[in-house]
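In the numbering used here, the protein residues as written are 18 to 376. Written below as structure tokens is the structure these notes are about.
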Ligand code: IPM
Ligand code: MG
């Protein structure tokens with residue numbers, strides 16, 4: 018098993034270090050190789066996704082990723098910004114299926130900004146298409162507006178597009194995931210306005226014919242955004258496009274108490290995957306030792322499950338994370354009265370201690 022380790026920027030370095038501690042104590046045979054990505058890679062090599070980093074990621078069974086991005090680099094031309102590294106990895110590795118579970122742990126029911134009764138027991142899964150949509154659609158750019166009321170004025174444009182095979186394959190992923198859960202899929206679109214998403218709805222409906230045992234519902238994205246805070250527990254598997262999935266997954270994160278708890282997996286058709294916390298690089302708290310490493314540790318568990326075929330080890334990590342929460346240990350983002358505030362490193366150490374105690 019070969020794992021490419023790409024800590025990246027900001028808190029990425031601190032949280033990935035804790036996930037590695039956890040992996041090391043599992044006694045699995047793994048080859049780990051680290052490389053630079055994001056702003057730090059730009060600083061060292063002039064590019065956020067250097068050739069060598071991309072080659073390493075391609076050759077690995079899985080990529081354990083921290084986060085990229087720093088205000089320092091916001092003024093660079095777009096293709097040199099840190100965010101291009103993660104977009105480039107997704108595109109080059111064909112990581113089209115992004116799994117973003119949102120689970121509200123019992124102990125953190127009160128950490129959410131929503132009322133406890135709305136979020137208690139929440140367990141939903143956002144499946145976001147990750148290599149298409151307006152994120153990657155061509156053409157895009159700036160030009161002088163050729164027509165319309167503002168002809169002659171400078172304008173910018175992006176292109177939203179989805180092809181049938183792209184929609185089909187993510188729909189299959191969603192229906193198959195639903196079979197392992199409550200057999201319900203909610204497909205989120207904007208079919209009332211956008212041609213791309215009317216097509217999305219048509220294709221998802223067609224694919225659904227192959228899954229008569231799964232219930233399919235369609236919803237417009239604005240309504241879905243509302244339902245997520247109104248009655249999130251009625252939702253289970255949500256499948257949607259790249260941009261809507263980006264937005265809804267941040268919203269769903271807040272239901273769970275902290276985005277610092279949410280792992281994610283991005284898979285291609287060969288089950289090669291990139292595993293990263295759903296949160297970003299948080300440059301404002303980088304280097305202070307206060308970031309929550311649990312999302313990254315839980316991402317490592319997803320990596321063991323999906324790409325490395327180590328279900329038992331994945332469950333051990335997840336159980337250890339539940340144990341530290343039960344023990345009352347909390348990083349700053351989830352800390353509240355009556356719990357014990359710990360640092361990034363102490364949290365990682367506690368997970369390791371619980372793993373060792375499992376025997
Ligand atoms: C995410 C992030 C990325 C995205 C950024 C960093 C490019 O917000 O993974 O959700 O928009 O996909
Ligand atoms: Mg996002």
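Here a beta-carbon is modelled for each residue, glycine too, at the ideal position from N, C-alpha and C. These figures come from a predicted structure and were not determined experimentally.
{"Item": "Residue list, Cβ distance to the ligand IPM heavy atoms smaller than 5 Å", "Value": "100, 263"}
{"Item": "Alpha-carbon to alpha-carbon, residue 100 and residue 299", "Value": "13 Å"}
{"Item": "Inter-residue Cα distance where the pair is residue 237 and residue 363", "Value": "43 Å"}
{"Item": "Within 9 Å, strictly: CB atoms of residue 33 and residue 22", "Value": "yes"}
{"Item": "Three-state class that DSSP yields for residue 160 in the structure shown", "Value": "strand"}
{"Item": "For residue 284, the first and last residue of its enclosing beta strand (DSSP E)", "Value": "280-284"}
{"Item": "Helix, strand or coil at residue 19 according to DSSP, with G and I counted as helix", "Value": "strand"}
{"Item": "Identified DSSP bridge partners for residue 145", "Value": "115, 257"}
{"Item": "Alpha-carbon to alpha-carbon, residue 234 and residue 138", "Value": "22 Å"}
{"Item": "One or two residues paired with residue 347 in a DSSP bridge", "Value": "358"}
{"Item": "Runs of beta strand (DSSP E) wholly within the stretch 46-116 (minimum 3 residues, chain order)", "Value": "48-51, 79-84"}
{"Item": "Separation of residue 267 from residue 343, as counted between CA atoms", "Value": "25 Å"}
{"Item": "Own chain residues within Cβ distance below 7 Å of residue 371, not counting five before or after", "Value": "337, 340, 341"}
{"Item": "Span of the alpha helix (DSSP H), counted from its first residue to its last, around residue 243", "Value": "238-247"}
{"Item": "As assigned by DSSP and simplified to three states, the class of residue 352", "Value": "coil"}
{"Item": "C-alpha distance - residue 140 paired with residue 295, whole-angstrom precision", "Value": "16 Å"}
{"Item": "Assigned exposure category for residue 305 - 16 Cβ within 10 Å defines buried", "Value": "exposed"}
{"Item": "Start-end ranges of the beta strand (DSSP E) lying completely within the stretch 167-207, minimum 3 residues", "Value": "171-174, 201-206"}
{"Item": "Neighbourhood of residue 124 by C-beta, 7 Å cutoff - its chain only, sequence neighbours within 5 removed", "Value": "342, 343"}
{"Item": "Three-way DSSP call (helix, strand, coil) for residue 307 in this model", "Value": "coil"}
{"Item": "Three-state class that DSSP yields for residue 274 in the structure shown", "Value": "coil"}
{"Item": "Within 9 Å, strictly: CB atoms of residue 154 and residue 177", "Value": "yes"}
{"Item": "Any non-hydrogen atom of the ligand MG closer than 8 Å to residue 267 Cβ", "Value": "yes"}
{"Item": "Stretch-stretch touch, CB-based, cutoff 8 Å, three pairs: the stretch 213-233 with the stretch 184-195", "Value": "yes"}
{"Item": "Three-pair Cβ contact test at 8 Å for the stretch 79-86 versus the stretch 243-260", "Value": "no"}
{"Item": "Residue 293, enclosing beta strand (DSSP E) - first and last residue", "Value": "290-294"}
{"Item": "Terminal residues of the alpha helix (DSSP H) in which residue 41 lies", "Value": "29-41"}
{"Item": "Contact check, residue 280 vs residue 248, beta carbons under 9 Å", "Value": "no"}
{"Item": "Segment contact flag, the stretch 208-218 with the stretch 91-98, C-beta cutoff 8 Å, min 3 pairs", "Value": "no"}
{"Item": "Residue 286 classed as buried or exposed, judged by whether at least 16 other C-beta atoms fall within 10 angstroms", "Value": "exposed"}
{"Item": "Burial state of residue 375 (16 or more Cβ within 10 Å)", "Value": "exposed"}
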